[in-house]
Amino acid sequence: MQYAMIHLEEKGVDPIGESKSDYEAVGEIAKKLGLYEQYTGGKTVDEWIKHGYETSDVDDMVSWEQLKEKGYYVVPTRKDWEEDPAGMIAFYNDPDKNPLSTPSGKIEFYSERLAKNFPDDYERTPVPQWIEKSESHDESFSSERAKKYPLLIMTNHGRWRIHAQCDDIPWTREIPTCKVKGEDGYMYEPCWLNPKTAAERGIKDGDIVRVFNERGSVLCGARVWERLMAQVAYVDHGARTDWIIPGKLDRGGAINLISPEMITSKNCTGQATTGYLVEVEKVTMAQMKSWRDQYPEAFEREYNPDSGLCFDAWVEKGGN
Amino acid sequence: MKTFAIDISICNGCYNCQIACKDEHVANDWTPYAKPQPETGHFWLKLKENIRGTVPKVKMHYVAVMCMHCDNPPCIPSCHIKDAIYKREDGLVIIDPDKCDGCRACVEACPYDAIYFNEDTNIAQKCTGCAHLLDDGWKEPRCVDACPTEALKFGEESDLKDMIAKGVTLNPELKTGPRVHYLNMPKQFVGGTVYDPKKEEIIMGAKCTLSANGTKLMVETDDFGDFWFEELKEGIYNLEIEAKGFSTKTFNDLSTIGKSVNLGDIPL
């Protein structure tokens with residue numbers, strides 16, 4: 225068991241228009257492919273949820289009826305948990321008798337499978353290594369692009385969110401590493417900058433800034449402090465999108481909008497979104513006004529600084 | 007008499023205290039102790055982030071600041087209504103939400119900015135030490151209960167006397183007699199990295215002497231060429247760096263008033 229709590233997720237709103245859940249949407253594709261029975265395994269959605277409970281390892285701690293009534297179950301810490309064996313202790317004690325699932329049964333620093341199956345993949349080599357520049361990626365200080373976009377941005381998993389979830393919690397949004405209140409009252413996603421990097425750009429703590437490269441622009445609020453080295457910028461991923469110009473300029477701070485578009489390598493669908501080149505500049509109130517005048521509808525969405533964009537900002541009708 | 011004792015060295019800045027306070031007081035009416043706190047904008051307990059030094063010698067610490075429940079509280083004489091702000095027998099200072107008429111004098115009078123004004127209900131509000139819980143049998147307020155590292159402690163002054171003796175209070179010069187005590191409150195530092203510019207190598211074991219008003223502190227650079235003088239009082243210092251085969255380097259009038267000093271990479 226790898227979790228401390230299970231809960232039954234209730235629907236937030238009734239489906240609007242022709243919208244479908246992810247499960248239903250994939251199911252429609254499965255129907256066209258003639259794979260619907262295989263896809264559902266003959267179970268309804270409710271039966272799948274119950275199946276989740278039955279395979280959750282808590283079915284002997286809480287009954288299905290109790291869980292349904294309460295909606296959640298907090299798993300108590302197991303008695304004598306301190307005596308649990310360490311994760312890979314069997315392999316550690318006797319690697320021959322307890323091999324891993326690798327071809328050699330050992331921890332492999334050199335992947336023979338990658339070497340054999342993808343000998344020409346220079347972006348994902350059998351041994352992980354630094355690649356300054358490649359056919360898919362060109363995001364280092366040595367790049368020609370760094371002349372225009374001289375800062376290396378780091379986009380971490382946010383401390384106050386799970387990706388885009390929980391971006392709307394009023395009590396975390398008041399914390400200085402969660403949001404920055406702009407001069408216009410909007411709660412911007414923080415962009416950390418070292419005082420040197422900020423001073424070179426005339427940026428002060430709390431300023432609205434534009435973080436950009438050729439892929440687009442994202443507005444943030446500057447956090448200028450010594451918690452970051454110079455020549456680097458830092459914005460957490462996962463802030464909720466709030467377009468001013470769709471595809472070009474976002475006010476919500478969704479930094480992944482300007483991350484590299486290519487996957488890790490031609491054979492590997494990993495995301496390469498955590499470090500890339502950008503430039504950061506101060507946004508003046510005159511600039512904000514010109515966007516307001518040009519794209520008034522983008523500024524008319526229902527918004528509450530405490531929680532961000534409201535449901536009605538995106539959904540025109542329907543709901544409960 | 008109840009007292010808070012907060013160990014800065016084990017606070018990891020999780021903000022549980024600030025959030026737990028809101029969980030207890032937002033939308034909950036604890037009259038006669040307190041009326042509901044507004045959804046946002048009030049910080050009856052505010053965690054303050056402090057950064058010292060410059061890259062790469064940077065240190066951080068967090069200080070939880072709430073009502074100090076002073077023994078000589080400036081808020082009480084500032085109030086023009088009798089007993090609207092009062093001190094309980096256990097030491098906690100309470101603003102009576104029914105008696106407060108919203109004059110805001112106490113908000114101005116508190117030197118710790120611990121009193122907030124509620125525009126909707128027109129009353130001044132602040133930390134009550136969760137007196138409503140204590141009177142109901144709780145041993146400690148919600149912020150202390152929520153602290154995962156036990157950096158926040160609350161209890162009888164006599165039980166916490168060892169911690170209090172080692173601790174400090176905020177702005178003791180104001181003589182308000184705060185009942186919130188802080189342990190291991192960091193002081194300023196002077197640091198740097200010493201290197202040989204010809205070899206482009208750091209210098210280990212360089213003798214660094216920091217002096218002020220006749221007192222001298224000595225350290226040697228470590229295996230990274232770094233030296234650190236920590237826990238310094240605020241003041242003006244002179245620094246001398248000596249290493250065999252190099253001419254001595256001196257820095258005069260280094261100020262640690264309100265800031266720590268990272269001298270960066272220092273060639274000898």
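Here the protein sequences come in this chain order: G and V.
In case it helps, our numbering puts the first sequence at residues 225 to 544.
In case it helps, our numbering puts the second sequence at residues 7 to 274.
C-beta: ideal position from N, C-alpha, C; glycine also.
Can you tell me whether S483 of chain G is buried or exposed? The criterion is at least 16 other CB atoms within 10 Å of its CB, across all chains shown. buried
Test: R447 of chain G CB closer than 8 Å to a CB of chain V: no
Which one of V:G198, V:I91, V:C85 has the shortest CA to CA distance from H75 of chain V? V:I91
Buried or exposed (CB count within 10 angstroms, at least 16 for buried), C492 of chain G: exposed
Own chain residues within Cβ distance below 7 Å of V507 of chain G, not counting five before or after: I432, V433, R434, L443
Run of the beta strand (DSSP E) containing C415 of chain G, from where it starts to where it stops: 414-417
For a quick check, are the C-beta atoms of L166 of chain V and A137 of chain V less than 8 Å apart? no
Near G409 of chain G, what residues of its chain come up, given a Cβ to Cβ distance below 7 Å and the 5 sequence neighbours on each side ignored? P529
Length of the line joining the Cα atoms of G545 of chain G and D238 of chain G: For residue 545 of chain G there is no data in the structure shown, the boundaries of chain G being 225 and 544.
Could you check whether the Cβ of I377 of chain G sits closer than 8 Å to any Cβ belonging to chain V? no
I need the straight-line Cα distance from L158 of chain V to C73 of chain V, nearest angstrom please. 14 Å
Nearest chain V C-beta to R451 of chain G closer than 8 Å, yes or no? yes
DSSP beta-bridge partners of L443 of chain G: G:R434
CB contact below 8 Å: K28 of chain V versus chain G: yes
Just to confirm the assignment, what range does the alpha helix (DSSP H) spanning T488 of chain G have? Per DSSP, T488 of chain G belongs to no alpha helix (DSSP H); it is in the beta strand (DSSP E), 487-489.
Out of curiosity, what's the CA-to-CA distance linking S15 of chain V and K54 of chain V? 14 Å
Decide yes or no for the touch test of the segment 419-433 of chain G against the segment 505-522 of chain G: beta carbon pairs closer than 8 Å, at least 3 of them. yes
For a minimum of 4 consecutive residues, which ranges assigned as the alpha helix (DSSP H) are wholly contained in the segment 126-168 of chain V? 137-140, 148-152
Who are the neighbours of E398 of chain G on chain V, taking C-beta pairs under 7 Å? T46
Quick one: list the residues of chain V neighbouring P394 of chain G, beta-carbon separation under 8 Å, in chain order. E45, T46
Kindly list the residues whose CB is nearer than 8 Å to the CB of G499 of chain G, restricted to its own chain and excluding five residues on each side of it in sequence; keep chain order. E363, L376, I377, M378, T379
Whole-angstrom distance between G220 of chain V and F252 of chain V, CA atom to CA atom: 26 Å
Assign W288 of chain G to one of two classes, buried (16 or more other C-beta atoms within 10 Å of its C-beta) or exposed (fewer than that). exposed
Using beta carbons (cut-off 8 Å, strictly below), is N418 of chain G in contact with chain V? yes
Look at the alpha carbon of R439 of chain G and the alpha carbon of R110 of chain V, and state the distance between them as a whole number of angstroms. 51 Å
Taking its Cβ as the centre, do 16 or more other Cβ atoms sit within 10 Å of C534 of chain G, making it buried, or is it exposed? exposed
Verify the CB distance criterion: does C228 of chain G have a CB-CB separation below 8 Å to chain V? For the record, residue 228 of chain G in the displayed sequence is Ala; it is not Cys. No, A228 of chain G does not count as interfacial toward chain V.
Compare the C-alpha of P147 of chain V against each of V:N18, V:C23, V:C17, V:D107 and name the closest. V:C23
Residues bridged to K255 of chain V [DSSP beta-bridge criterion]: V:I247
Can you give the Cα-Cα distance for G276 of chain G and L232 of chain G, rounded to whole angstroms? 10 Å
If you drop the 5 nearest sequence neighbours on each side, which residues of the same chain put their C-beta closer than 8 Å to that of E332 of chain G? T326
So with CB distances below 9 Å, who are the chain V contacts of A454 of chain G? V61
Quick check on D530 of chain G - is its C-beta less than 8 Å from some C-beta in chain V? yes
Going by C-alpha distance, which of V:T155, V:C112, V:T134, V:V61 is nearest K41 of chain V? V:T134
Compare the beta carbon distance of V186 of chain V and L260 of chain V with 8 Å and say whether it is the shorter of the two. no
In chain G, which residues lie with their C-beta within 8 Å of the C-beta of V69 of chain V? The premise fails here: V69 of chain V is roughly 14 Å from chain G at the closest Cβ pair, so nothing lies under 8 Å.
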